[in-house]
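Throughout the sequence shown, residue numbering follows the working numbering, covering 7 to 313 in sequence.
Where a beta carbon is used, it is the ideal one built from N, C-alpha and C, also for glycine.
Given the structure is predicted, the values throughout are model-derived calculations rather than measurements.
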Amino acid sequence: MSEQKTYLGWKVDYTQPPGEPAFAAPDSVSWQVFKNPVALAIGGVCAVLLEFADARIRSGVWDHSVFKTDPIGRSKRTGIAAMVGVYGPQSAARRVIQGVTNMHSKVQGETPGGEAYKALDPELLDWVSATAGYGFLMAYHRFVRELTEDEITRFFTEGEPVARLYGVQHPLRSLEHFNCMLAHLLPRFEPHPINTEFLAIMTSGRAAPGVPKGLQSALVHAAVDILPRQVRARLGLGKDYNLSPLGRLTVKAMATAAEHTPDLTGPAAEAAERLGLPRSYVWKSAAERRRLLSAAQSAPAPQEAAA
Numbered sequence: 007m008s009e010q011k012t013y014l015g016w017k018v019d020y021t022q023p024p025g026e027p028a029f030a031a032p033d034s035v036s037w038q039v040f041k042n043p044v045a046l047a048i049g050g051v052c053a054v055l056l057e058f059a060d061a062r063i064r065s066g067v068w069d070h071s072v073f074k075t076d077p078i079g080r081s082k083r084t085g086i087a088a089m090v091g092v093y094g095p096q097s098a099a100r101r102v103i104q105g106v107t108n109m110h111s112k113v114q115g116e117t118p119g120g121e122a123y124k125a126l127d128p129e130l131l132d133w134v135s136a137t138a139g140y141g142f143l144m145a146y147h148r149f150v151r152e153l154t155e156d157e158i159t160r161f162f163t164e165g166e167p168v169a170r171l172y173g174v175q176h177p178l179r180s181l182e183h184f185n186c187m188l189a190h191l192l193p194r195f196e197p198h199p200i201n202t203e204f205l206a207i208m209t210s211g212r213a214a215p216g217v218p219k220g221l222q223s224a225l226v227h228a229a230v231d232i233l234p235r236q237v238r239a240r241l242g243l244g245k246d247y248n249l250s251p252l253g254r255l256t257v258k259a260m261a262t263a264a265e266h267t268p269d270l271t272g273p274a275a276e277a278a279e280r281l282g283l284p285r286s287y288v289w290k291s292a293a294e295r296r297r298l299l300s301a302a303q304s305a306p307a308p309q310e311a312a313a
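Here it is as structure tokens:
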């Protein structure tokens, strides 16, 4: 029996119902990227920094969530929502995303500068979605393995259905598209104490109990390292946040180890089982994954086999 995950009181079982597809296919780039917890940790911090650069999003998150008091719980819930969108059965993903949207519909207010904001503002939805796509992709590309141009394009294309469910009107299509969105918003970006407070939380024992503080610091510096240079300058994240040569080697070693260490109780493994694949599917070679997927797709459906 698989471990069930809970989100907003709902049980998310990635193994059920048998055969129900996810929004990302087993042979997708997304299944490879999201299986690596080190890349996800780095990409997640990078995405938050890109979001917090805009006062409207920064105020919305800081004033309407429990992040500053419960960073672990909030991060876990955000992680579950991301994983469900990639690995979960589509019915579960729709349910979770609707729950997130319902919560966001109540988030509105004013920034300290007096600017009104709403979490469901189309411009903010587009940017939040773009920051996640950029963060996770660049973390994997920089610290796990270099992706080809075709893989990068596929990654963004694979994320479009889920982005649309969140209400995103302009899902990220490419790195060039990201840079265009960034150029439009960049004049709004500013340094703020909340940015450094967030980074302090992420390097403290509160964010990841049991993980040595030095490793947490290296992961945070890696997240700053993949920020676009102009964003880092705008946020005033100077040399104190530089990723040292030793830190870079450490992060790459951690990411490589994670890439080749199967987590047979995690979402990727459970989703593979749901689709008739071995739990170790995403950690196998590309050729072996193609063979296994072909065999699973040609096998009779469960109801046909039982007939």
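Beta-carbon spacing of residue i, residue j below 8 Å
| i | j | result |
| --- | --- | --- |
| residue 47 | residue 241 | no |
| residue 172 | residue 262 | no |
| residue 140 | residue 39 | no |
| residue 113 | residue 229 | no |
| residue 302 | residue 283 | yes |
| residue 274 | residue 41 | yes |
| residue 176 | residue 132 | yes |
| residue 34 | residue 164 | yes |
| residue 125 | residue 110 | yes |
| residue 57 | residue 168 | no |
| residue 53 | residue 138 | yes |
| residue 36 | residue 102 | no |
| residue 129 | residue 122 | no |
| residue 192 | residue 236 | yes |
| residue 95 | residue 166 | no |
| residue 49 | residue 187 | no |
| residue 21 | residue 280 | yes |
| residue 55 | residue 201 | yes |
Residue interval of the alpha helix (DSSP H) (run including residue i)
| i | result |
| --- | --- |
| residue 38 | 35 to 39 |
| residue 140 | 128 to 149 |
| residue 258 | 251 to 265 |
| residue 51 | 43 to 58 |
| residue 394 | Nothing can be reported for residue 394: it is not among the residues displayed for the chain, which extend from 7 to 313. |
| residue 69 | 61 to 70 |
Nearest neighbour of residue i, chosen from the options [CA to CA]
| i | options | result |
| --- | --- | --- |
| residue 267 | 181, 150 and 206 | 150 |
| residue 68 | 204, 111 and 20 | 204 |
| residue 65 | 37, 120, 93 and 243 | 120 |
| residue 247 | 225, 126 and 182 | 225 |
| residue 195 | 33, 37 and 63 | 63 |
| residue 19 | 198, 296, 105 and 272 | 272 |
| residue 198 | 239, 33 and 153 | 239 |
| residue 29 | 44, 50, 89 and 45 | 89 |
| residue 184 | 221, 169, 167 and 136 | 136 |
| residue 182 | 234, 152, 148 and 174 | 234 |
| residue 231 | 192, 245, 95 and 168 | 245 |
| residue 180 | 201, 154, 192 and 122 | 154 |
| residue 314 | 201, 253 and 22 | Outside the modelled stretch of the chain, which goes from 7 to 313, sits residue 314, for which no answer is possible. |
| residue 104 | 16, 210 and 276 | 16 |
| residue 269 | 260, 286, 280 and 281 | 286 |
| residue 220 | 256, 85 and 82 | 256 |
| residue 161 | 55, 218, 31 and 227 | 31 |
| residue 218 | 260, 251 and 243 | 260 |
DSSP state of residue i mapped onto helix, strand, coil
| i | result |
| --- | --- |
| residue 31 | coil |
| residue 114 | strand |
| residue 5 | This structure gives no information on residue 5, because the portion of the chain shown stretches from 7 to 313. |
| residue 168 | helix |
| residue 18 | strand |
| residue 276 | helix |
| residue 305 | coil |
| residue 270 | coil |
| residue 108 | helix |
| residue 299 | helix |
| residue 156 | helix |
| residue 75 | coil |
| residue 23 | coil |
| residue 248 | coil |
| residue 195 | coil |
| residue 175 | coil |
| residue 243 | coil |
| residue 91 | helix |
| residue 205 | helix |
| residue 282 | coil |
| residue 313 | Low local confidence applies: a pLDDT of 38 at residue 313 is under 50, so the model's placement there is unreliable, with the coordinate-based value given in what follows. If DSSP states are grouped into helix, strand and coil, residue 313 belongs with coil. |
| residue 8 | Unreliable positioning characterises residue 8 in this predicted model, as indicated by a pLDDT of 40, which lies under 50. The coordinate reading is nonetheless provided below. In this structure, residue 8 counts as coil in the three-state DSSP scheme. |
Endpoints, beta strand (DSSP E) assigned at residue i
| i | result |
| --- | --- |
| residue 289 | Residue 289 -> no beta strand (DSSP E), and no H or E assigned at all. |
4-residue-minimum alpha helix (DSSP H) runs that sit fully inside the segment 207 to 241, ordered along the chain: Taken in chain order, the complete alpha helix (DSSP H) segments of 4 or more residues contained in the segment 207 to 241 are 219 to 231 and 235 to 241.
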